[in-house]
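Those letters in the sequence shown? Residues 3 to 257, by this note's numbering.
Glycine residues also receive a C-beta, built at the ideal position from the N, C-alpha and C atoms.
Worksheet: one structure, shown below.
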Amino acid sequence: MLFDSHAHVNDARFDEDRHEMIMRAYENGVEMIMLPAISLESSLNGVEMTKQYEFIFAAVGVHPHEVKNMDEMTLEMIKGLAKNNKVKAVGEIGLDYFYDFSPREVQKEWFLKQLLLAKELQLPVIIHDRDAHQDVMDILCEANSFETGVIMHCYSGSKELALEYVKKGAYISLAGPVTFKNAKKAKEVAAAVPLDRLLIETDSPYLTPMPFRGKRNEPEYVKFVAMEIAGIRGIPFAEVAKATTENAKKIFGID
Ligand code: NI
3 MLFDSHAHVN DARFDEDRHE MIMRAYENGV EMIMLPAISL ESSLNGVEMT KQYEFIFAAV
63 GVHPHEVKNM DEMTLEMIKG LAKNNKVKAV GEIGLDYFYD FSPREVQKEW FLKQLLLAKE
123 LQLPVIIHDR DAHQDVMDIL CEANSFETGV IMHCYSGSKE LALEYVKKGA YISLAGPVTF
183 KNAKKAKEVA AAVPLDRLLI ETDSPYLTPM PFRGKRNEPE YVKFVAMEIA GIRGIPFAEV
243 AKATTENAKK IFGID
């Protein structure tokens with residue numbers, strides 16, 4: 003059994019074949035999926051999808067790209083949605099200094115506010131960190147988010163920083179890039195992070211792993227991430243599948 007800890011299965015790129023794509027993953031062993039949100043609209047839509055599929059869970063929140071339009075009313079609505087029993091996290095939230103689609107001060111303000119909301123709700127957070135390593139760490143510490151759980155989604159930092167996060171109690175989630183030949187850093191992370199702190203994800207429809215790199219990504223391909231990690235660590239695929247599934251269930255509070 004595999005748990006795809008991050009798949010945007012409500013993305014428009016799945017409009018043509020969403021149900022088939024989800025069932026294809028399920029029938030191929032991806033028996034649980036976490037659907038993260040990027041906006042209020044996708045939070046609402048994600049909660050709706052969890053009602054259609056027993057094995058899909060949702061996170062609610064606003065992505066750093068979108069926080070430029072954020073307001074207190076939106077935060078209140080996110081809070082209301084988070085009370086649904088299939089909502090298991092707040093995310094994806096964080097900072098993106100690569101695209102800078104929202105001003106950095108605005109990103110930081112809403113990142114902190116959403117972290118504090120997650121703490122209030124006693125939910126873990128799914129973190130997006132693109133070229134903002136220091137500020138992400140500082141704000142997570144300021145909010146004391148490690149107490150309620152932190153998942154570093156599509157982790158792209160160094161091995162050293164990953165181990166610092168692990169020491170604080172966070173989980174490191176690896177995605178398709180770990181399968182890329184030149185992904186030296188991600189492979190080092192895959193080898194170094196203790197197995198009880200690793201998660202796997204696709205970030206569908208983005209970041210498609212080898213051998214389908216360049217095509218649309220979907221949860222079924224999370225197996226390629228697990229295979230790569232198994233190869234790097236020299237352990238059986240089944241062991242990676244089992245550990246990452248147990249880890250995801252634990253952090254998201256799923257029985
Ligand atoms: Ni994502």
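If you follow the alpha helix (DSSP H) that His-21 is in, where does it begin and where does it stop?
It spans 20 to 29 - the alpha helix (DSSP H) in which His-21 sits, taken as one unbroken run.
Just verifying my parser: in three-state terms, what is the DSSP assignment at Ile-128?
Ile-128 falls in the strand class under three-state DSSP.
Identify every run of the beta strand (DSSP E) within the stretch 133 to 164, keeping only runs that are complete inside it and at least 3 residues long; order them along the chain.
Those beta strand (DSSP E) runs which fall completely within the stretch 133 to 164 and span 3+ residues are 152 to 154.
Enumerate in chain order the residues of its own chain whose CB-to-CB distance from Thr-150 is below 8 Å, with the five nearest sequence positions on each side excluded.
Excluding residues within five positions, the ones whose Cβ falls inside 8 Å are Ala-120, Lys-121, Gln-124, Leu-125, Pro-126 and Val-127.
Does any heavy atom of the ligand NI sit closer than 8 Å to the C-beta of Pro-221?
Answer for Pro-221: no, Cβ out of range of the ligand NI.
Between Asp-131 and Gly-48, what straight-line distance do the alpha-carbon atoms span, to the nearest angstrom?
If I take the Cα positions, the gap works out to 22 Å.
Using 8 Å for Cβ pairs, my map puts Ser-175 next to Glu-203. What's the rounded Cβ distance?
Sure, about 5 Å apart at Cβ, within 8 Å.
Could you give the DSSP three-state label for Tyr-173: helix, strand or coil?
The answer is strand: DSSP assigns Tyr-173 an E or B state.
When you compare only the Cα positions, how much space is there between Glu-222 and Ala-9?
Taking the straight line from one Cα to the other gives about 10 Å.
Measuring straight from C-alpha to C-alpha, what distance separates Ala-84 and Leu-201?
Their Cα atoms are separated by approximately 22 Å.
Please report how far the alpha carbon of Ser-44 lies from the alpha carbon of Asn-12, in whole angstroms.
Their Cα atoms are separated by approximately 7 Å.
I need the residues with a C-beta less than 6 Å from some heavy atom of the ligand NI; please give them in chain order.
Listed along the chain, these residues meet the criterion: His-8, His-10, Pro-38, Glu-94 and Asp-205.
Quick check on Gly-82: does DSSP put it in helix, strand or coil?
Helix, per DSSP.
Terminal residues of the continuous alpha helix (DSSP H) containing Phe-239?
Segment 239 to 254, the alpha helix (DSSP H) holding Phe-239.
Am I right that Val-32 and Asp-6 are in contact with their C-beta atoms under 8 Å? What's the rounded C-beta distance?
Sure, about 5 Å apart at Cβ, within 8 Å.
Would you kindly work out how many angstroms separate the C-alpha atoms of Glu-18 and Lys-169, rounded to a whole number?
In a straight line, the C-alpha of Glu-18 is about 43 Å away from that of Lys-169.
Evaluate contact between the stretch 32 to 41 and the stretch 240 to 252, counting only Cβ atoms and requiring at least three cross-stretch pairs below 8 Å.
The answer is yes - the stretch 240 to 252 touches the stretch 32 to 41, with three or more Cβ pairs under 8 Å.
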